[in-house]
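Report on the structure given below.
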Amino acid sequence: MPDTVTATEASPTGTLDGDYDDAAGYYTPGTPLIDTKAPDGPIADRWQNRKFEARLVNPANRRKLSIIIVGTGLAGASAAATLGEAGYNVKTFCYQDSPRRAHSIAAQGGINAAKNYKEDGDSVHRLFYDTVKGGDYRSREDNVYRLAEVSTNIIDQCVAQGVPFAREYGGLLDNRSFGGVQVSRTFYARGQTGQQLLIGAYQALERQISAGTVSMHSRHEMLELVVADGKARGIIARDMITGEIQTHLADVVVLASGGYGNVFYLSTNAMGSNVTAAWRAHRKGAYMANPCYTQIHPTCIPVTGTHQSKLTLMSESLRNDGRIWVPKDQADCDKDPRDIPEEARDYYLERIYPAFGNLVPRDIASRAAKYQCDDGRGVGPEVDGVRRGVYLDFADAIERLGRDAVENKYGNLFDMYARITGEDPYTVPMRIYPAVHYVMGGLWVDYDLQSTIPGLFVTGEANFSDHGANRLGASALMQGLADGYFVLPHTIRDYLADGPFEPIAEDHPAVVEARESVQGRIEHFLTVNGERSVDSYHRELGNIMWEYCGMERTEDGLKKAIDLIRTLKDDFYRNVKVLGTAESLNQSLEKAGRVADFFELGELMCIDALNRRESCGGHFRGESQTEDGEALRHDDEFAYVSAWEWAGDDESNQMRAPVLHKEDLVYTAIEMKQRSYK
Amino acid sequence: MNLTLKIWRQPDAASAGAMHTYQLADVSEDMSFLEMLDVLNEQLNAEGEDPIAFDSDCREGICGMCGLMINGEAHGPEVTTTCQLHMRSFSDGETITIEPWRSDAFPVLKDLVVDRSAFDRIIQQGGFISVNTGSAPEAHSVPVPKDDADRAFNVATCIGCGACVAACPNGSASLFMGAKITHLGLLPQGQPERDERVVNMVAQHDHEGFGGCTNIGECTAACPKEIPLDVISQLNKDLRTAIRHGH
Numbered sequence: 001m002p003d004t005v006t007a008t009e010a011s012p013t014g015t016l017d018g019d020y021d022d023a024a025g026y027y028t029p030g031t032p033l034i035d036t037k038a039p040d041g042p043i044a045d046r047w048q049n050r051k052f053e054a055r056l057v058n059p060a061n062r063r064k065l066s067i068i069i070v071g072t073g074l075a076g077a078s079a080a081a082t083l084g085e086a087g088y089n090v091k092t093f094c095y096q097d098s099p100r101r102a103h104s105i106a107a108q109g110g111i112n113a114a115k116n117y118k119e120d121g122d123s124v125h126r127l128f129y130d131t132v133k134g135g136d137y138r139s140r141e142d143n144v145y146r147l148a149e150v151s152t153n154i155i156d157q158c159v160a161q162g163v164p165f166a167r168e169y170g171g172l173l174d175n176r177s178f179g180g181v182q183v184s185r186t187f188y189a190r191g192q193t194g195q196q197l198l199i200g201a202y203q204a205l206e207r208q209i210s211a212g213t214v215s216m217h218s219r220h221e222m223l224e225l226v227v228a229d230g231k232a233r234g235i236i237a238r239d240m241i242t243g244e245i246q247t248h249l250a251d252v253v254v255l256a257s258g259g260y261g262n263v264f265y266l267s268t269n270a271m272g273s274n275v276t277a278a279w280r281a282h283r284k285g286a287y288m289a290n291p292c293y294t295q296i297h298p299t300c301i302p303v304t305g306t307h308q309s310k311l312t313l314m315s316e317s318l319r320n321d322g323r324i325w326v327p328k329d330q331a332d333c334d335k336d337p338r339d340i341p342e343e344a345r346d347y348y349l350e351r352i353y354p355a356f357g358n359l360v361p362r363d364i365a366s367r368a369a370k371y372q373c374d375d376g377r378g379v380g381p382e383v384d385g386v387r388r389g390v391y392l393d394f395a396d397a398i399e400r401l402g403r404d405a406v407e408n409k410y411g412n413l414f415d416m417y418a419r420i421t422g423e424d425p426y427t428v429p430m431r432i433y434p435a436v437h438y439v440m441g442g443l444w445v446d447y448d449l450q451s452t453i454p455g456l457f458v459t460g461e462a463n464f465s466d467h468g469a470n471r472l473g474a475s476a477l478m479q480g481l482a483d484g485y486f487v488l489p490h491t492i493r494d495y496l497a498d499g500p501f502e503p504i505a506e507d508h509p510a511v512v513e514a515r516e517s518v519q520g521r522i523e524h525f526l527t528v529n530g531e532r533s534v535d536s537y538h539r540e541l542g543n544i545m546w547e548y549c550g551m552e553r554t555e556d557g558l559k560k561a562i563d564l565i566r567t568l569k570d571d572f573y574r575n576v577k578v579l580g581t582a583e584s585l586n587q588s589l590e591k592a593g594r595v596a597d598f599f600e601l602g603e604l605m606c607i608d609a610l611n612r613r614e615s616c617g618g619h620f621r622g623e624s625q626t627e628d629g630e631a632l633r634h635d636d637e638f639a640y641v642s643a644w645e646w647a648g649d650d651e652s653n654q655m656r657a658p659v660l661h662k663e664d665l666v667y668t669a670i671e672m673k674q675r676s677y678k
Numbered sequence: 001m002n003l004t005l006k007i008w009r010q011p012d013a014a015s016a017g018a019m020h021t022y023q024l025a026d027v028s029e030d031m032s033f034l035e036m037l038d039v040l041n042e043q044l045n046a047e048g049e050d051p052i053a054f055d056s057d058c059r060e061g062i063c064g065m066c067g068l069m070i071n072g073e074a075h076g077p078e079v080t081t082t083c084q085l086h087m088r089s090f091s092d093g094e095t096i097t098i099e100p101w102r103s104d105a106f107p108v109l110k111d112l113v114v115d116r117s118a119f120d121r122i123i124q125q126g127g128f129i130s131v132n133t134g135s136a137p138e139a140h141s142v143p144v145p146k147d148d149a150d151r152a153f154n155v156a157t158c159i160g161c162g163a164c165v166a167a168c169p170n171g172s173a174s175l176f177m178g179a180k181i182t183h184l185g186l187l188p189q190g191q192p193e194r195d196e197r198v199v200n201m202v203a204q205h206d207h208e209g210f211g212g213c214t215n216i217g218e219c220t221a222a223c224p225k226e227i228p229l230d231v232i233s234q235l236n237k238d239l240r241t242a243i244r245h246g247h
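For the protein sequence lines, the chains are D and G, in the order given.
So for the first sequence, UniProt numbering puts the first residue at 1; every next one is plus one.
So for the second sequence, UniProt numbering puts the first residue at 1; every next one is plus one.
Written out as structure tokens, the structure is:
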């Protein structure tokens, strides 16, 4: 849906009192981050120059160099395959039983690339421009330009691998317009683009495993990063079947471990998606950037009860023909929607945003749905005393276009909805509600995708760099593959050119410390023997995050959330109940470690949201809106990346105030503009 | 609804397993099958009994991680993944039997969790197109007829869940293998390695201990992605051609 691109533009408005700081006391100011290693010169030449300047490693030396890659989704599998082909020794890790299961597989829509096959005015510069603007001017210009630049190579690579993209009758690739963008630049494989791209990368990875350049450690989870003599040199992993704690050492470590949306408990992320790999690196010195930027999708299937384990996204294309409404009168909320007459319905998006109607951007549509439900006019089953759903009604579309036409356009989505809810959306209006879908925040990286720990590189959703405060549709897959196939292999060789590195021994103090930390935590969880399950804590944490750090954030709400999280976390460490042993497959133990890290991340997200006293993209601060209730950005004060440094914790496991380093965002190739949808 | 659940419990790969019986009350028909097991696990945890281990990840029907034999059927009574099966497919008072995938080539690791890495090793023997990163030609330089591309997509939708193997009385992985061989064989990019691919993948399949195919068709009936049985004919045809070519 239109994220920003078709919006009319107005000049920035509003200023803040610079002396006031909502987050005062919750953090310590740090030195600014100045060197992002981005090259100088015209933006179109920067990546070419960087690739040329990056030092080479001769083929005979590559096999003496070792690389650990954690996570084998689009970013990890593509990097592992490419670095394996180049002749490095690559060790990869994933928590699933096979790299083919990574959550990239669930992406439905498509992948953007500036191929301009439709000759409709697209170009590398336009994809760059749309992405920066879509991210509300909170992404780094150089990285985004490079993303757009290599996007065309991705399509060539995937087609050569046999990815069955949609084609026209002439045998050439088809494109569609996606996410409200006015050019057709999205390549797709029905509603399963993520699956097809991931299988392509997985097959390239399996080819290298067979060739012996890559070793795969599935059902392994990284639980600690080894930082020796100031450099990332390995990981501590747990074999999830035997429980064995293993040390894996290498010359460089890459995290491609995905996003952390599961901090909200309910999200569209896979059950196992977690923050532990990134968070453990954060605790060892990698800065966490823009953690509060969360993308929330308006068109998900609503929650039906407290048993709910995850949420399912339905393509936003549904908003092209569906009309969104709630009853005007609370008394009608439990009625059959077909018995509610037209005049008793509130088509609230059409009423408030007549120009865009049901096609307003995701964040606006999401917030508007929340307001209706908070106001007591939600529909569907009551969960914890509130109905959280609004109707997405196709009755008009079916009357106008005919049932067959609607079935042709949306049939698979209707079937999916019917399967999950047991209701027939052709005769009863669908119910939708917003859900957490993607996080734009992640570990801070420079232009080379290197974190603040030398030798630790971060790719895909696990880093922060390309999407700013909001991600355009069909851009997540593009970033994962751009990083893995085309960016990291060049930048990492410059780092590896410093090799051969001094080997480190298993009894190096940094290794011993990391292993002991893992063992200590496992032992703790298994010996607390309290009263509550891990899941019950995770659900409660998720409720706090969703309520106070979800679609709308306020100073009071965020401060309350921080208090609630601290209290709940304290209780978790004293009262969690994890049965079983450390030396076997133990899914409760796995979850306990992840939830412990989600507590700390959740608190940092709230502090970050408290610091950012503006609304932008996926971050809506109640205090920063126009008279019409629109998001109000403050470029004069907040055009920076928040990069948070870990400051340690105390004996009772509470975080000390983190240190905020700001990276100013400077735009040389693009002009900052305010958005408006009125 | 109230249910009686008979579930396979096995502490690890080396130990013997046995069926255990559990009672579960207040199951909502809106729960997915896996959410029903989540609720049972909360109950077991509270009672101090080790929760039941089972695999799942996306819970959207696409990652292929989940998979249970439910009342003797792979993924249960509907043509879907276990995560997309809902309790409204069952009735109050019912007894449900839940077991792990049945196949010697998928050894049980714990309770309902099995090891499907044999599938990855089959792919390693040729389930790919050999193209190094950066050496790909411009995408439009190789047109693919739309019908071929569409059919390649249809069979590329295999999620590698293993239901085909679990459902097959012979424990054959021919549907899984045939889907990949058909997908890559339909595309011009897949031709240079076509003979070698089928010979090597079939050899690995047999080496892993999967059984031979006798065209019973239980695989395609259980497949949540409805991969058609004719991919096995294609597999056999490609194998014959490869042998004729001297492989």
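Built from N, CA and C at the ideal position, the CB exists for glycine as well.
Residue contact with chain G for Thr-304 of chain D: present (Cβ-Cβ distance below 8 Å to some residue of chain G). Taking a C-beta distance under 8 Å as the contact criterion, Ser-267 of chain D and Leu-413 of chain D do not qualify as a contact pair. Nearest CB-CB separation between Phe-210 of chain G and chain D: not below the 8 Å threshold. Shown here for Glu-614 of chain D: same chain residues with a beta carbon closer than 8 Å to its own, the five before and five after excluded, namely Leu-16, Arg-621, Ser-624, Leu-632, Arg-633, His-634, Glu-637, Phe-638 in chain order. Per the C-alpha coordinates, the member of G:Arg-151, G:Phe-106, G:Asn-132, G:Thr-214 positioned closest to Ala-13 of chain G is G:Phe-106. Inclusion of Gly-484 of chain D and Ala-75 of chain D in the CB contact set at 8 Å is warranted, their separation being smaller than that value.
For Glu-224 of chain D, the uninterrupted beta strand (DSSP E) run begins and ends at 220-228, by DSSP. In the DSSP assignment, His-205 of chain G forms no beta bridge with any residue. The DSSP assignment places 141-161 as complete runs of the alpha helix (DSSP H) inside the stretch 140-198 of chain D, in order along the chain (cut-off: 4 residues). Within chain D, the residues placing a beta-carbon under 7 Å from that of Met-31 of chain G are His-307, ordered along the chain. Proximity of Met-314 of chain D to chain G, defined by a Cβ-Cβ separation below 8 Å, is not satisfied.
Secondary structure of Tyr-22 of chain G (DSSP, three-state): strand. Only exposed fits Arg-338 of chain D, as fewer than 16 other CB atoms lie within 10 angstroms of its CB.
Annotated as distal: Pro-224 of chain G and His-20 of chain G, with beta-carbon spacing of 8 Å or more.
At a cut-off of 8 Å, the C-beta of Ala-139 of chain G has a neighbouring C-beta in chain D. Shown here for Lys-6 of chain G: same chain residues with a beta carbon closer than 6 Å to its own, the five before and five after excluded, namely Met-19, Thr-21, Thr-97 in chain order. Judged by beta-carbon spacing, Ser-588 of chain D lies beyond the 8 Å limit of Leu-601 of chain D, meaning their Cβ atoms are not closer than that value. Taking Arg-532 of chain D as the centre and dropping the five residues before and after it, the same chain places the C-beta of Asn-575, Val-576, Lys-577 closer than 7 Å to its C-beta, in chain order.
Leaving aside the five residues that flank Ser-584 of chain D on each side, the residues in its chain whose CB is nearer than 7 Å to its CB run, in chain order, Gly-243. Contact annotation: in the stretch 253-270 of chain D, residues whose CB is within less than 7 Å of a CB in chain G are Ala-270. Of D:Phe-93, D:Ala-435, D:Leu-127, D:Val-326, the smallest CA-CA separation from Arg-362 of chain D is found for D:Ala-435. When 9 Å is used as the limit between beta carbons, Val-144 of chain D is near no residue of chain G, the shortest such separation being about 22 Å.
A Cβ-Cβ distance of about 6 Å is found for the pair Ile-123 of chain G and Gln-203 of chain D, placing them in contact under the 8 Å criterion. Checking the DSSP bridge columns, you'll see Phe-93 of chain D partnered with D:Val-70, D:His-217.
A distance below 6 Å between beta-carbons, with the five flanking residues on each side excluded, links Gly-234 of chain D to the following residues of its chain, in chain order: Val-226, His-248, Leu-249, Ala-250. In this structure, the alpha-carbon of Lys-560 of chain D lies about 34 Å from that of Gly-357 of chain D. Assigned with DSSP and collapsed to three states, His-538 of chain D falls in helix.
Counting only residues of its own chain and dropping the five nearest sequence neighbours on each side, Val-439 of chain D has a CB closer than 6 Å to the CB of Gly-259, Tyr-260, Gly-261, Thr-294. For the stretch 135-165 of chain D, residues whose beta-carbon sits nearer than 7 Å to a beta-carbon of chain G comprise Ile-155, Asp-156, Gln-157, Val-159, Ala-160, Gln-161, Gly-162, Pro-164. A Cβ-Cβ distance of about 7 Å is found for the pair Asp-97 of chain D and Asp-55 of chain G, placing them in contact under the 8 Å criterion.
Proximity of Ala-81 of chain D to chain G, defined by a Cβ-Cβ separation below 8 Å, is satisfied.
Contacts with chain D at 8 Å (Cβ-Cβ) include Ser-130 of chain G.
Taking a beta-carbon distance threshold of 8 Å, His-217 of chain D does not count as an interface residue toward chain G.
Taking 8 Å as the upper bound for CB-CB distance, Ala-113 of chain D and Phe-178 of chain D are not in contact here, some 12 Å apart. Secondary structure in the stretch 385-420 of chain D: the beta strand (DSSP E) runs of 3 residues or longer, each lying completely within the stretch, are 390-393 in chain order.
Per DSSP, Trp-8 of chain G is one residue of the beta strand (DSSP E) stretching across 3-9.
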